[in-house]
Amino acid sequence: MRIPQKPSRIVAGLAVLLAALSPTPVARGAAAPPAAPPGAITALTVPVTGMTCVLCTRGVEESIKRIDGVFDVSAELASGLVRVQAAEGRSLNIRDVKDRVQAAGFKVGGECEVEALGRFSIGQDGRITFRVPGTAYAYQVLEDGELRRLFKSHAGLKGDYLLVFRLHEHPRWKPPAIAIVRAEYRGQAMQAPLR
Numbered sequence: 006m007r008i009p010q011k012p013s014r015i016v017a018g019l020a021v022l023l024a025a026l027s028p029t030p031v032a033r034g035a036a037a038p039p040a041a042p043p044g045a046i047t048a049l050t051v052p053v054t055g056m057t058c059v060l061c062t063r064g065v066e067e068s069i070k071r072i073d074g075v076f077d078v079s080a081e082l083a084s085g086l087v088r089v090q091a092a093e094g095r096s097l098n099i100r101d102v103k104d105r106v107q108a109a110g111f112k113v114g115g116e117c118e119v120e121a122l123g124r125f126s127i128g129q130d131g132r133i134t135f136r137v138p139g140t141a142y143a144y145q146v147l148e149d150g151e152l153r154r155l156f157k158s159h160a161g162l163k164g165d166y167l168l169v170f171r172l173h174e175h176p177r178w179k180p181p182a183i184a185i186v187r188a189e190y191r192g193q194a195m196q197a198p199l200r
């Protein structure tokens, strides 16, 4: 015995399913989505202790690749450094990367080097903080020659900056601090001021 079919309901269901799964077209003249978030951790170099063979480096790389938003990972056996690159338009979570290193059976041993896009703010107490908009990251900036150079070239430190810095993490009661390795001015901030 044959079961009667209702073709109009099947066709309508398939049309709805197809419409839901197909990418939405972009109208002509519409603004393209932004290429990068307003602030982002774009790269991270983590010193890892305990990697003794090629299989160790492979295990760390595979563990970190599982993080959403990671574009590339390379672990160097000789130096013990693991370099992580964010996918375009994405930001890395430093804690997630460190957790994945530990999940692979290794330890983070020392200061990380971070590449981030963000802005400076100067508090009423005169302390300079580097913030990565759209994230919870805010770092006290340690004074050094690179910071003085920035002040001379961009008084007030207004606008967006791409920084490469060493991250000094402290106990929970003290905020993390950074030592700037390299800085590049990226232009005026196009968003609301930081709090």
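According to our numbering, the sequence shown is numbered sequentially starting from 6. Using N, Cα and C, we set each Cβ at its ideal position, and we do this for glycine too. Since this is a predicted model, take the numbers as computed values, not measurements.
The alpha helix (DSSP H) that contains V102, what's its start and end?
Here the alpha helix (DSSP H) through V102 covers I99 to A108.
Let me know the secondary structure DSSP gives E205 once reduced to three states.
A question about residue 205 goes unanswered here, because the residues of the chain that appear run from 6 up to 200.
At what residues does the alpha helix (DSSP H) containing S158 begin and finish?
G150 to S158
May I ask you to report which of helix, strand or coil DSSP gives E189?
strand
Apart from the five residues on each side of it in sequence, which residues of its chain come closer than 7 Å, Cβ to Cβ, to L147?
A182, I183 and A184
Near L155, which residues of its chain fall below 7 Å by C-beta distance, leaving aside the five closest residues on each side in sequence?
L162 and A188
For V113 versus P52, is the C-beta distance shorter than 8 Å?
It is a contact, given that the beta carbons lie within the stated cut-off.
I need the boundaries of the beta strand (DSSP E) containing S79, first residue and last residue.
Residue range V75 to A80 is occupied by the beta strand (DSSP E) that includes S79.
Hey, F111 and F125 are a contact pair by Cβ (cut 8 Å); roughly how many whole angstroms apart?
That belief does not hold up - the Cβ atoms of F111 and F125 are roughly 34 Å apart, past 8 Å.
Can you grab the Cα-Cα spacing for the pair R153 / A160, in whole Å?
10 Å
What's the call for E93, buried or exposed, on a 16-neighbour Cβ count within 10 Å?
exposed
Applying the 10 Å Cβ sphere with the 16-neighbour rule, what's the burial state of A141?
exposed
Measure the alpha-carbon distance for Q107 versus A121 and round it to whole angstroms.
Their Cα atoms are separated by approximately 23 Å.
Give the secondary structure of T134 by DSSP, where H, G and I count as helix, E and B as strand, and everything else as coil.
Three-state result, T134: strand.
At which residues does the alpha helix (DSSP H) containing R63 begin and terminate?
V59 to K70
Looking at the unbroken beta strand (DSSP E) that takes in Y166, where does it start and where does it end?
D165 to H173
Mapping the DSSP letters down to three states, classify L162 as helix, strand or coil.
In the three-state reduction of the DSSP assignment, L162 falls in the helix class.
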